[in-house]
Every structure is written in C-alpha cells, then in structure tokens.
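Novice: Residue numbers (this note's numbering), protein chains in the order written: chain A, 1 to 266; chain B, 1 to 368; chain C, 1 to 303; chain D, 1 to 344; chain E, 1 to 344. Every residue gets a Cβ at the ideal spot worked out from N, C-alpha and C, and that includes glycine.
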Amino acid sequence: MNLSAPARRLLAALTFGVLALVYLPLLVVVANSVNANQSMTWPPSGLTLEWWRRAADSSGAREALLTSLQVAAVATCIALVLGTLLALALQRYSFFGKHTVNLLVILPIALPGVVTGIALNNGFRAIMGVDLSLWTIVVAHATFCIVTVFNNVQARLRRLGTSLEEASADLGAGVGTTFRLITLPQLRSALLAGGMLAFALSFDEIIVTTFTAGGGATTLPIWILNNMFRPNQAPVVNVVAVVLIVFSIVPVWLAQRLSSDLDAVR
Amino acid sequence: GCGEDDDKETEAVEKLGDPEGEVSILAWPGYVEDGSNDPKVDWVTPFEEETGCQVTSKVYGTSDEALNLAKSGEYDVIAASGDLSLRLIASDEAQEINTDLVPNYANVYDFLKDTEWNTVDGKNYGVPHGYGANLLMFDKKRFDKAPTSWGAVFEEEQLKPNKGKVTAYDSPIYIADAALYLMKTQPDLGIENPYALDQEQLDAAVDLLKTQRAYVGEYWSDYLKEIQAFETGDSVVGTTWQVIKNNVKNPDVEVVLPDEGATAWNDTWMLSSQAKSPNCAYAWMDYILSPEANAQATEYFGEAPNSPQACDKTTDPKHCETFHAGDEAYAERLWFWRTPVKECLDGRTDVECTDYAAWTQAWTEIKG
Amino acid sequence: MSAPSTAPTRAPAPAEVRGPVARPASRLLHRWVWLRLVLLLSAPLAWMVLVYVVALTALLITALWSVNSLTSEIDRTWTLENFRTLVENEVYRNVTLRTVGVALAVTVIDVTIALPIAFYMAKVASPRMRRILVVAVLTPLWASYLVKVFAWRVVLSEGGLLEWSGIANPGYGLGAVVIAQSYIWLPYVILPIFAALDRVPDSLLEAAGDLGAPAGMVIRTIVLPLLVPGIVAGAIFSFSLTMGDYITVNIVGGTSQMLGNLVFLNAGAANNLPLAAAIAMIPIVVMIVLLTAIRRTGALENL
Amino acid sequence: MVPAIRLRGLVKHFAEVAAVDGIDLDIADGEFFSMLGPSGSGKTTVLRLIAGFETATAGTVELGGTDVTAAAPFERDVHTVFQDYALFPHMSVLDNVAYGLRVRGTGRTERRARAQEALETVRLGGFGTRRPHQLSGGQRQRVALARAIVLRPRVLLLDEPLGALDLKLREQMQVELKQLQRDLGITFVFVTHDQEEALTLSDRIAVFDTGRVRQLGTPQEIYEQPTSAYVAGFVGTTNLLDADTSERLLGVRAEHALRPERLRLTPADHAPARPDEVRLPAVVVERIYLGTGNRVHLRTDDGLDLVALEQATGSLDEADHRGEHVTVRFARADVVRLNTDGES
Amino acid sequence: MVPAIRLRGLVKHFAEVAAVDGIDLDIADGEFFSMLGPSGSGKTTVLRLIAGFETATAGTVELGGTDVTAAAPFERDVHTVFQDYALFPHMSVLDNVAYGLRVRGTGRTERRARAQEALETVRLGGFGTRRPHQLSGGQRQRVALARAIVLRPRVLLLDEPLGALDLKLREQMQVELKQLQRDLGITFVFVTHDQEEALTLSDRIAVFDTGRVRQLGTPQEIYEQPTSAYVAGFVGTTNLLDADTSERLLGVRAEHALRPERLRLTPADHAPARPDEVRLPAVVVERIYLGTGNRVHLRTDDGLDLVALEQATGSLDEADHRGEHVTVRFARADVVRLNTDGES
Ligand SMILES: Nc1ncnc2c1ncn2[C@@H]1O[C@H](COP(=O)(O)OP(=O)(O)OP(=O)(O)O)[C@@H](O)[C@H]1O
Ligand SMILES: Nc1ncnc2c1ncn2[C@@H]1O[C@H](COP(=O)(O)OP(=O)(O)OP(=O)(O)O)[C@@H](O)[C@H]1O
Ligand SMILES: [Mg+2]
Ligand SMILES: [Mg+2]
C-alpha cells in the first residue's frame, strides 16, 4: 500500500520491535543453557557447558524427542487425511447439517485443552476401555489438529474452483485419477501449511497430552515437565529448547520456500 | 471394562514365582533413574542386569495425578506419598505385601514400619522409601531474629513485613500445616491430628489460610520454582523441603524445623492389585530398599534414606545428618502425610471428619 | 463460405485414443453425488463422533453423577449436586470471570499486536523480507511451551531481566499470566490475520487512498472490515487456548487460579471427575455461546 | 449423414432460472459452428451439457448418433477448451498436453511424442518444458488447444477461447483457429459474444436469446437476413425502421432493418429518387473517426435517427462535419424486412 | 492555459526494468487523452505515477500547474477507475460511491444524496443497496465510474476500464464514457490496448513503446500519418512496403505503409496505371466475411502479400472468390512514408 515513509518506518519499527521482544525470552533460554546457576536466575552467575554435555548424554531427551516426532508425524498424517476429506465435502457439496459438521471440526481446538483432555481421558478409559498409550496421544492430537488442515485446504479449494477438475474429466480422467493427478497437487502448499501448523501444535502440546499419555509414553513436553521437577536437570531442558529452535528453522524455512514456490506457480 | 473389580488381587502372596521379565513403575521424578537423563544417575540398569526385569517407568507431578494413573492398572509398583497411599488402599488398588519376601525390609528404621499410612487393619500394604519434612525456610535478612515458629507464615503480625513474598505448598494437603499450627496454638479447637479435622476444625484452618493468602506471593508445587523464588528474592519465607534449601545458592536462606513440629512425607512402595508382574515387582521393592539403591535414590531426590545401612552408602557423608535420617526425636515431631477420610483418623467416633474431597473444595476456596 | 467445400483431411487416429475409457467405479461415483459425499464424510465424521462427541457427551453425563468419597468410585445416580456447588459457591463465579477476563485480555493484546505486524508482513515488506518474517514468526513455536513460560518467569522475577533492564516489573500474578500467554499464542494469531490480509487485493487499498482516505482511514474503513474472518480465527485460537491453560498460571500466576486449575485439581488430584466435568461445562458453554454468536456474523465460514 | 451433435428438446434449470429453455440443434461433422448471444443467454450451459458437466433437466444429447445424455464427461468423445484455459499449473506444457493420453494409459514415450507433435501443430514445439505461468495469454490458449486436439476428438467445444486476449492477438488467433479446424476436420462448437468473430470464423451461427436459439444460419444469412430486430441489433450495428416509418418510406407496414454501410451520403440535393432507391435529406449530428472510415450519426429532416458508415476511400479532410446538410440514399433492395414477432 | 497534467522527464525503474523511460507530456484541461500500447509498455505505470501510487525515479508530475511529484495519492485531485474496479466488497453500492465523500467528512444525508445522483448519472439509480458481487461486469464498471465522478475531480484516470466487458456492452459504454466526459468537462486519461477504442474516443492519443511515447497526435494523425512501422502496425491493420518494394513501386527507397481500405480491387485488366496511382495484378488468396464488408488477402503476381478491405456496398454474391484474378489499385497519395528510424 502507499504509506508515507514515516508510517512505513513506524510499522517496520513496530514489527521488528515486537519480534525482538518475541526473541528476548528465547535469548534468556539460550543464556540459561550456559548459565552456571542451575536454577536459571538472572543475571547468569557464570558460564558453563555442563548442561550441553549432559544434554548430549541424555538418552531420555533423545527418546522423548523421537517420541514427540513420531506422535506429531502420525497425528499430522491422520489430520491431513481427515481434514482434506472434510474440506472437500464441505467445500464442494451442500447437505443437511453442514453447519453442524463445520462447528464440530472447530470444537476440539475451540474448547479449552483441559476439557478436551479430561473428556478424552474419560472417553478412552471408561467408555472405550482402552489403556492409555502412545496411540491415545496420537488419537487425541489428530482430533484437534484436523481443524488446521481443514482450514487451509478449505481456503485453497475455495480459491481453486472446479475448472481444473472439469478439464481433467473432460480429457478422460475418472474421479480417482483426477483427484490424484490434479486436485491433490493443487492442494500441496495448503497441505504443507496446514500440516506444519498441525505438527507444531501436536509437537508442543502438553495439556491434552498429560491426560491421554500412557505409561512409558514420554513426549518431549512431558519429559521437559518432568525434568523441571527433577534435581539438577532443569538447565538441560533449556539446552533441548535451544537445539529445537535452531533445528526448527531449517524445516520452517524449507516449507516456507516450498509453499511460496508452489504458490508462484498459481 | 468400566473399572470393575474382577481382576484385582488385594491379598498378599505366599511365595514368589519366576520373574516375568518386565516391571512397570509409577513414581515421583528422580525415584526411578535409568541414566537416560544423566548417565551418572542410574540405579535401574544394575537392577535389570541382576534380575532380568526390564523397567518401564512413568513419573507424576502430584499425588492426585498418580491416583488416576494407578487406577488405569498399567503399573505394577507405585511410589505413593502418605496422601495417596490410603486412597489406593481404600479403592482396592493396592495389594497386601508379604514383607518376608522383601529381605531388605529388615534394615528399615522401625519408626517407618507398619505406619498408619501404609498399614490398614494390620495388613501391610507397602515398604517405605525415603522421607522428608516440610520445613520452614526463610531469608534471614528479612528477620531480626530467626523464626522458630510457623507463626512466621500464619500470624498476621509476622506476615505483614513480608507481604507478597510468602510462599506455601500448592496442594489441599497444605491445610494440614495450618491444622498443625492450630493444634499447637489453639488447643480449645481440639485438634488431635492435623489429618483428622471435623468441619469446625477445617473451617478454622481454612480461615487461617485465607488470612495467610493475602500475604502469599505465590504457591509452589515444583521445587525449581521455589529455588528460583528464594534466589531472586521473590519469596522470603514459606514451607520447603530440605533439598530445596540445599540447592538455593543464596547464603542468607536457612531452614528450621519449627517448635510446633511439621508435616512430612514418607513415600511407600506399593504393589498394584492389578499387577501383571508381581514377581518383578517384589524384586524391585527389595532392590530399592537395598542400602546402595536407597542411598542413591534418596540422595538424588534429596530426602532421608530409610535405613542406617543406606546412610553409610551415601556419596555425601553428611547426607544423613543434613536430612536427619534415623533421628527418632526429630521424626517424633513430624506428622507424616495421610489422606483425610470421613472416618476420623484420631479415633473420634462422635463426629464425622472431613475427607479429601472436602479439603480440595476448601483449597479451591482458599485460593479463590 | 457456407458448408466446408473441401473434404476434411482427417488424420488417421490410433484406435486406443479414441473413445471413452471404461471405468465403472468412476462412472458410479460420477452419477451418485451422495455416494461421493458419503465416501468423503464417513471417515472424518466417524472419527469426530467416536472420539470426540462420545467423549464430550460422556463428560456431560459424568457431570450429573457424584463420587463416593470412601472408595473414590463413581456413584451413578443422577444428581445436580455438582452444578449446585458451582452455582452456590461464589469462588467458581470468580474464577470463571477471572479466566474469561484473562482470555479476553490475551486475545485483545494479541490481536492488537498481530494486526500491525501482519499488515507490515503482507502489505509493506518486500517479498523476500516477508518470507524471512514468516519464518521469524513461526520459529518460536518450536521452543517448547514450558521452556518459554519458565523463561518468562526468569524475565519477570525480582531483579530479573525486566527489572534488570530498567523496565517496570509487574511481578508474578494475573498480569504475568496475561503477558506469558499473549507471548505464547501470538504466532497463532498473526498467521491467520496475515493470511487474510494477503488475500485482500492491493488495489482496494489504493482505491481508498485515491478517493482521498489517509492511511488511518483506509485501515479503519477498508482493511479492518475485510480482516474480520482472520481476526476471528486468531481470536478463537488465543481465547480458547488461554482459557484451557493451567500450567502458565502455576508458573507465573502467583496465587491465582483459573478454570483449568480447578478442572485439573478435581479431575487429577481430588479424583472427583464428576465435579471436574461440571466445571468443564463452564468453558464449553462460554465457547459455544461465543461460536454461535460469531457464526451469526458469518465469520466462521472463513475460519 | 449422422450429425456430430444432435440436441433435442434440451432444457436446463438452475433452481428457478431456465438457463437453457428447449433447444433443438444438429451440428454437422466437420462444421465450424458458433453460438452467439449476450451474457447469460445460456451458451456456456449448452456447451457444458454437451460436455457432460451438467445434467440436463429434460431433453437429450447425442454424439455421433449415440445418446450420451447420462454419460459422464470422461465417457464422452468431446473435449473442451475452457475460457480460462484451465491448464494444470503444476505440470509442464508437455505434460499438460500429454495428460489425456496419460489417463488413457498410453506409454510414456509415445505420449510424449504425440504431445510434442500436437505442440508443433499449434507452433509451440519449443515450449514443452515451460510451466503454464511462463507463457503469454495467446500461448496458453494454444496449449489448451493442443491438449484437446492431441486426443483427436470428433468434436471440440470452445468457450470464448479468445475472450481474454487483446485485440491484436485475438485477430491472429482467429486465423490460426480457423486453419486448424480446416486441417484437422474436427467439428468446432465455438462460443463467443463477439459478433465479428462469429461472422469471420463460422460455417453456421446460432444466435441465442435467454436460453433459446433465435436464429440459425450462415453468417451471411444472419447478417443480411436477420429475421428479428433482436438478431439484427445483436449482430452488427443496424438502423431499425419501425412499422410507421417503413410505411412512409417503403410503403410496407412492417419492421425493417437497414445496415449502416448500405447508406450513401451525398451533398444535399433535391434530385428525385430513382424508383429502386430512397432519398432523404438529413443533417450530420456526429461523425466519429474509426480509422478505416467514419461512423456518421444523422438526423433526417423528418426526425429519423440513422447511422451510416463511410469508408475511407481517399485522404479524408479533417474538418468537423457536424451540422452539414446531406442527402442519404439507400437501395430498396438493401432494406431487410423483419418478422413481425421480433420484439426488443 | 495551464495544462491539467504536465509530465516532464518522467522515469520509473523497477529494479533493472525501466518501466517508464523518460516521458514528457502535456494533457490539456477537458481533453480525452488516450494511452495506447502493447502489454508491458508502461501505460499503467504512467497512470500510477500520476495518481501517486508509485514514486518517480526521476522527473516531475504537475497537476494544474502545481508540482505534486512528492504528494500522496489522497492529496491529489485526480481519481482512478481501476481495471479490476476495486470496489469495496463489504460495502453496498451506495456506500462505495459515497466513500470519497465520507472520507472528506461530508454529512450523511448529503453524501447519500450526491452518491445517489452519481449513480443516476451512470444509470444505476436502483442498485444502491446491492453489494458489488451482485452486479454484472458492466454494472460494476459503472459503479467504479460513479465512485470517481461523485468527487468531481479535475482529472480522471481510467486504466482499461472496458477491458473486461463484452463487445456489445463495451461499445455501449464507450458512448456513455464519451458523453460523460463531455458533459462533466473532466480531463480523461484513458489507458487501453484496443486501438479502435482509442481512435473512436480520444481527442489525442499517445502510442507507447517500452516506456516511451512513440507518437503523439490526434486519431487521424496516428492512423493516417504514422511515423513508424511500429505505430502503423499497432494501430489498425496495415500493409507494410519495405524499402525494396517501395523503390520498385513508388520509386522512393524508404519504408511505406498502406491501409487495406485504400486498396481498390477491380476485375483483372491490363490497362496502364494513371500517373497518380499504382496498379498491380494479383490473385485472391482468401476472402473473409466481416458483415460490413470483406477482408481480402491477396498475393500480387510479383509475390507481394497484401490485405484489402472491401466495403459491402450492395448485396454481395456469396460465391467464394478464392483464386480469382484481380487488379489492385491504390493512389500514390494514400501511401504513407515512414521515418527511417522505425524499427520492428
Ligand atoms: N451454476 C449455476 N447456478 C445458477 N444459475 C446459473 C448457473 N450457471 C448459469 N446460471 C444462469 O444460467 C443463465 C445462463 O448462463 P450461461 O453461463 O449459460 O450464459 P452465457 O450465455 O454463457 O453467458 P456469458 O456470455 O456471460 O458467459 C444465466 O442466467 C446464469 O445466471
Ligand atoms: N511492481 C513492479 N515491479 C517490477 N516490475 C514492474 C512492476 N510494475 C510494472 N513492472 C514492469 O514495468 C513494465 C511496464 O508495466 P506496465 O504495467 O506499466 O505496462 P502496461 O503498459 O500497463 O501493460 P498492460 O497493457 O499489460 O497493462 C513491465 O515490463 C512490467 O513488467
Ligand atoms: Mg459463458
Ligand atoms: Mg496495465
């Protein structure tokens, strides 16, 4: 937009100012990962690499990380499938109860985590009679992740229209072929965006997870929570967080590149 | 199944069979360390090598969370504090222990054996782990004279100078701390046991805590939070554990066992009535009571070991002294956590006592 | 120039290209719209109903039961006792108001901060800078929630970073909860607003400027109304996530408690699932009222 | 001969709107058939009914003698070139063109070769590896064409394929389209609302009006013997003479149409009219420069508004002729009598 | 008189691209000024520089004698009708039109009255309560116009306002635009790439070529005296005679242009040419029916390809004249000599 130079500068200053504020606590995390004082008080009382060494040795952290990645990956996959199906149904057809279904998809994210947590906890144990495990976490996460995929795919479908699908049918492709060769590739960047948000949501979820995790199922947030209660372990948690931030930049950047490249094609 | 009792076994076994090859344990953080968090902290691996029982463990943050987890029936062994143990027993989640099958039980301090929080109707439901007291911690710069009474956190006069910097344990069980103070300072209330409060007594304790709340800066439940608060000065007086004091770098912070005595916890290893691997569970209980393992675990967590033999094995030779292990006189002044139930624990039969649900309700109101 | 006078010279076409391809399944799907719809809807609907609706309903039913205090077993006789407790006890009203208040504050703060940032990202920054900014906004999502809250504890503590750097210090309490929660959910608010703004064509803003509206007016009369769906999406995120939180308030909340704490305390701690379920009905009702109100405006369609 | 397309009693309702309201048409094999009509007159809907994207409310569609009314699009041997081209953005140009062969299971090498060949046909041989967004509008249009013709359909449906192109490019593409159709001998059903385009390209034209065919015929028939004021007005500019005026001028009480290019302007004189012509004194109201000539708006002395077209046959003097007195002449033979049912 | 718009040395670079590459222009008050040129030639950019949406890299923009080079759009007394209309989707038609008044703080009643009046001007009086998406393309375009004229600007900038309309509607809108401009006396700066539109409407035309003005003049000047092959080719169809051919036919070694409508076709004969004309024997390659006449593609016996325009002056016989031998005649005076600098 045509803004006056001072307005642009003000906006830029605001944006970068807020971003700086956003990164400030992360700096604290970084500082604490080398803070000699294990209770992470400010200012740091000295430098040490002890926590990094310990983190490197911590197979618990590694396993929890792997568990979280697995949970998030599987939950995201389920959410991708279900969210896409729902978006297709709701965007392309009109039927009785459409609004209810729409509300139903939003509900798991719109209702507070504790509510979803105890509802699912109760549902799994008392109603379905299944033992809590890694899979119950996956199911719970998938349930509230559906909405992010759904939103992204629906917005994309709305913009896409049906002409490409018609062109495909016109050229002789059946319903399945058209979906595989035309619709799905068109949805790729929306799936990427929705999937990434779903992944992030699941990866860092703790409240619902607390209620649906079975014994031995330690996701990273749970490991972190536990270690905050464990002597001499808290700073290691900071190291893990720093490592996460650093390593997350790569996939985030890649996804961003990929989706904007894909969008450029449009 | 909706949690029916069909597969629960509450009677003690007569003899042990072959180990099942795996055991699942529910415990406080730091009780079951297998080196995955710190390779130097590992007493699970030797156990696994010794017995062939593979350990899976889950940790919990509060006794209440543990109760829910225990009910799922997925755990063979549970480390339960006194505010949990009776609830497990009452809901038939615990199995009587045949202490003869736990050789290391013999070493345990006598005052920890057959206590009222692990023994019901003469049946023993668990073997003790370490123990510790809920002490009074304070920043001596804020006090002319080191406090020796819980009055420091309950008397308005003494609370005033530290308004907003008082801390307290964030759990309904903390009501017992208030009750203990009232027991000593207001005898006419007739409190005999801080865990056996009739409605009137509970109300008095609640009032006391509501008064206190106005001066509280924050409640704590994880100790990292309290360590931080005392180091930075966000908190200057409040309940604590010895281990927290040991970790606070601020030299002005001290702890005291006040004149009134204190509440305390003693954790009990219990066997689940739904245990799938009772033999490995017995093996674990014996192992964790062994002097080596008990010393490691209690020292790592920061509490008193359960036997004099264990005290000999601690890496810090002063550990048992710091934590007053085996100090019976000291232990006399402790009121170990128990679950309040309707049937008064102090033997009164003319009144109904308030149960834990009522305490929870009260705690909700205290925090407001 | 009437009918084609020259005979068309049709190139001979290989047989397999000509003509339709037999695909019975596709043909069936094509003909029966409802079949397509059923295939699309059955899996996700079954999932949502079996996993979620059933669980929620069970929770609602549980709220009408009570707990036997001795055995801690659930007593399945219908009672409104739990709801009576909620209504009669003013502490629940206070906590509800406090929770909604905090959630509202967080939402207002996040939306207020997110708007200019999203605007800068979508409409002012160069494409390259935009990509960098999106990454910069997304990255903090990966630093664990707990770690970030604890970092705020350090920042807000006495003599902590905030005081240390000379800025006033609110200390622990509701203010700190609002700050920490706003911080944590900010990216989830920026993203949908950014996406909505990205879809507003530049020419609309130019047209408004062209008609004589200064920047502020353009934003008030054109940008904001067009952003409503994005804002609603972001607001639902921050509002509900804040309302369900109980961990942040434990860490930086001082003495405060929120609805989440009560649910957690009763469900986890006191083992009083019926009461917990009854308390959980409060946020459910709040959210459903809110969602219905929003749906009236049509903003949900674009969520 | 069996018509390539036969429509019988075709009706399509959307809710209450009758988008197509009873159409009977036979389109011959190899014909270049245009549908002309204003926006919303149902042209696209007819096309979509032929292609199978819509289901007819009533009536039948036959292709090459087979009733396909109930068949799915992918079962019909017709292909469509969409107005927005509908190229697949995630595929290269070559893959776009090869798509139809791919879904028919043609082998990779063969389908590439044939797609390449189709691209050569539309003179885009060197563009196979590009993505659609890297092409100009005209090139995209040709890719869409290649994608359809590679399958050698009997019938090609084109929905305003030139609508989005600028004038220059459009003229060029018109020539190419016509050539292609001739070379391949495919039946083209061409939708447009550009009357000039329809006249230039078609063998036959159907003029649409709110879901019905108003007139069907060759370009000459449509242009020179419109049967209604509607058609006369829609195709080209026309002077409409109402019944009264006609009676006065021609002695026939009926509506007539008169094309502007049939009017001759000469300097004002009072010579008597020849028997086969009509002469009217008039004043020039406005003379609009068109490059190839002028459009002259006139008012006759008896109050009739007429438009005439002057071709530039020599260097025009640039003076403004507004107000000039002239004589308008036209041959009686050039006046077309309209059917009395012609409204509008 | 102070020109409504004065551009001096206007340059605009986007990264390395010089979108506008040094433009000097004076546009008079009340003039209908068109910018004509192919896609990407910088027309839109010039318009955006005048409106203030872009900042010039060099040069100045004056409006009514005041230098506004550095002024913001909302400070300039010019208004734009955008190609995509840019109607506010969340406001009613009336609110859209009233927006400019609202921004200026005009009272509610007054601005509604004036907006309504503007809507009447564009014949949309009854549409005030609709939302933009409920209108057809032509109606939207008129709303955009109403939104701009309600402010009575001195200058109105129109960026291909008719580009999205169908031919019939476009012709109708052209007439309306022209009338509106005359009635209101507003200066119109009109961007188009439709040469016919430019010729029909404008007082003056600037033909753009890659950021520069290639030729500036009245429609007649542009059409009949193009100074370069570029302009001759872009505006209307033209026969280009290269230097060799010109030397042979006209005795002048220079490029020449010859409009199709200046060619006369007569039955083949071998009569000698008059001194002021050229005669060439030729064969008809194709004759395309245009309604108002025919476009005839010819090849002369000495291998020159020419296009001629035959006006329909009487009932055409419908026979196909392909292959017919004819004589092409044109006046020497009708051949336009192009500047030698004319490339392309
Ligand atoms: N999917 C639909 N739902 C409702 N009405 C429709 C639909 N498609 C078309 N119509 C209506 O049917 C009528 C005919 O539309 P159609 O698209 O066939 O016209 P057209 O002749 O192709 O017009 P244009 O030249 O604008 O493309 C219009 O009144 C239109 O509003
Ligand atoms: N924002 C921009 N960034 C980079 N290049 C631009 C930008 N806007 C225009 N250009 C370039 O400047 C040149 C002139 O563009 P402009 O839009 O003025 O052309 P135009 O004559 O209006 O074309 P059209 O008829 O297609 O609208 C083009 O080469 C275009 O690619
Ligand atoms: Mg159409
Ligand atoms: Mg342009």
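So is the beta-carbon of S126/C under 7 Å away from any non-hydrogen atom of ligand 2?
Specialist: no
Novice: Could you tell me if the beta carbon of K178/E falls within a distance shorter than 7 Å of some heavy atom in ligand 3?
Specialist: For ligand 3, not one heavy atom lies less than 7 Å from the Cβ of K178/E.
Novice: For a test of the three-state rule: what should DSSP assign to A204/B, helix, strand or coil?
Specialist: helix
Novice: Excluding the 5 residues preceding and the 5 following A255/A in the sequence, name in chain order all residues of the same chain whose CB lies nearer than 7 Å to its CB.
Specialist: L192, M196
Novice: Beta-carbon within less than 6 Å of E226/B's beta-carbon, same chain only, minus the 5 sequence neighbours each way: which residues are those?
Specialist: W220, I244
Novice: For a cutoff of 8 Å on Cβ pairs, would you count L67/B as touching chain C?
Specialist: yes
Novice: Quick one: which residues of the segment 101-126 of chain D get their C-beta closer than 7 Å to a C-beta of chain A? List them in chain order.
Specialist: V103, R104
Novice: Any chance you could list the alpha helix (DSSP H) runs of at least 4 consecutive residues sitting entirely within the segment 156-213 of chain C, in chain order?
Specialist: Counting only runs that start and end inside the segment 156-213 of chain C, the alpha helix (DSSP H) elements of at least 4 residues fall at 161-164, 174-198, 202-210.
Novice: Under three-state DSSP, which class holds K313/B?
Specialist: In the structure shown, K313/B sits in a helix (DSSP, three-state: H, G or I).
Novice: Return yes when at least one heavy atom of ligand 4 lies under 7 Å from the C-beta of K168/D, else no.
Specialist: no
Novice: Using only the alpha-carbon positions, how far apart do R433/E and T238/E sit?
Specialist: Given that chain E is displayed from residue 1 to residue 344, the structure contains no residue 433/E and the question cannot be resolved.
Novice: Name all residues in chain order for which at least one heavy atom of ligand 1 lies closer than 6 Å to the residue's CB.
Specialist: F14/D, V17/D, A19/D, G37/D, S39/D, G40/D, S41/D, G42/D, K43/D, T44/D, T45/D, H193/D
Novice: Which value, in whole angstroms, describes the spacing of the CA atoms of E19/E and G9/D?
Specialist: It is worth fixing the name first, because residue 19/E is Ala in this sequence and not Glu. Going by the C-alpha atoms only, they are around 55 Å apart.
Novice: To the nearest whole angstrom, what separates the beta carbons of Q83/D and G163/D, a pair I think is in contact under 8 Å?
Specialist: 6 Å
Novice: From A357/B to W51/A, what distance separates their C-alpha atoms?
Specialist: 42 Å
Novice: Report the partner residues of R329/E according to the DSSP bridge assignment.
Specialist: R264/E, R279/E
Novice: Of the residues Q141/D, K178/D, F234/D, which one's Cα is nearest the Cα of P161/D?
Specialist: Q141/D
Novice: From the DSSP output, in three-state form, read off D317/D for me.
Specialist: Caution is warranted here: a pLDDT of 47 is assigned to D317/D, below 50, making its placement in the model unreliable, and no coordinate value can be reported.
Novice: Of all the CB atoms in chain C, is at least one closer than 8 Å to the CB of F74/D?
Specialist: yes
Novice: Around the C-beta of P272/E, are 16 or more other C-beta atoms found within 10 angstroms, so that it is buried, or is it exposed?
Specialist: exposed
Novice: For W152/C, which of S4/A, V243/A, L24/A has the nearest alpha-carbon?
Specialist: Nearest C-alpha to W152/C: L24/A.
Novice: Against chain G, does P29/B count as a neighbour if the rule is that its beta carbon must be under 8 Å from one of theirs?
Specialist: Here chain G cannot be found, since the structure's protein chains are A, B, C, D and E.
Novice: Quick one, are the C-beta atoms of G244/C and V111/C less than 8 Å apart?
Specialist: no
Novice: Would you kindly work out how many angstroms separate the C-alpha atoms of R112/E and V97/E, rounded to a whole number?
Specialist: 9 Å
Novice: Can you pull the DSSP bridge partners for G293/D?
Specialist: In the DSSP output, where bridge partners are listed per residue, G293/D has Q311/D.
Novice: If we count the other Cβ atoms within 10 Å of its Cβ and call it buried at 16 or more, is A319/D buried or exposed?
Specialist: With a pLDDT of 47 at A319/D, under the threshold of 50, the modelled position of that residue is not reliable, and the figure given next carries that caveat. The residue is exposed, with fewer than 16 neighbouring Cβ atoms inside 10 Å.
Novice: With hydrogens ignored, establish whether the beta-carbon of D159/D is closer than 7 Å to any heavy atom of ligand 3.
Specialist: yes
Novice: Which bits of chain E does M217/C rub up against, with CB to CB less than 8 Å?
Specialist: Listed along chain E are V103, each with a C-beta nearer than 8 Å to that of M217/C.
Novice: Does A351/E come within less than 8 Å of chain C when only Cβ atoms are used?
Specialist: The structure shown does not extend to residue 351/E, since chain E is modelled only from 1 through 344, so no value can be given for it.
Novice: Apart from the five residues just before and just after I137/A, which ones in its own chain have a Cβ nearer than 7 Å to its Cβ?
Specialist: V71, T209, T212, A213, A217, T219
Novice: From this set, A264/B, P103/B, T314/B, which residue's C-alpha is nearest L334/B's C-alpha?
Specialist: A264/B
Novice: Is the Cβ-Cβ distance between D67/D and T60/D less than 8 Å?
Specialist: yes
Novice: Should P258/B go down as buried or exposed, given a rule of 16 or more other Cβ atoms within 10 Å for buried?
Specialist: buried
Novice: Pop quiz: A276/C and A267/C are said to be a contact at Cβ under 8 Å. What is the actual Cβ separation, rounded to whole angstroms?
Specialist: Between A276/C and A267/C, the beta carbon gap of about 4 Å places them in contact (Cβ cut-off 8 Å).
Novice: Which chain E residues sit within Cβ distance under 8 Å of G293/D?
Specialist: E261, Q311
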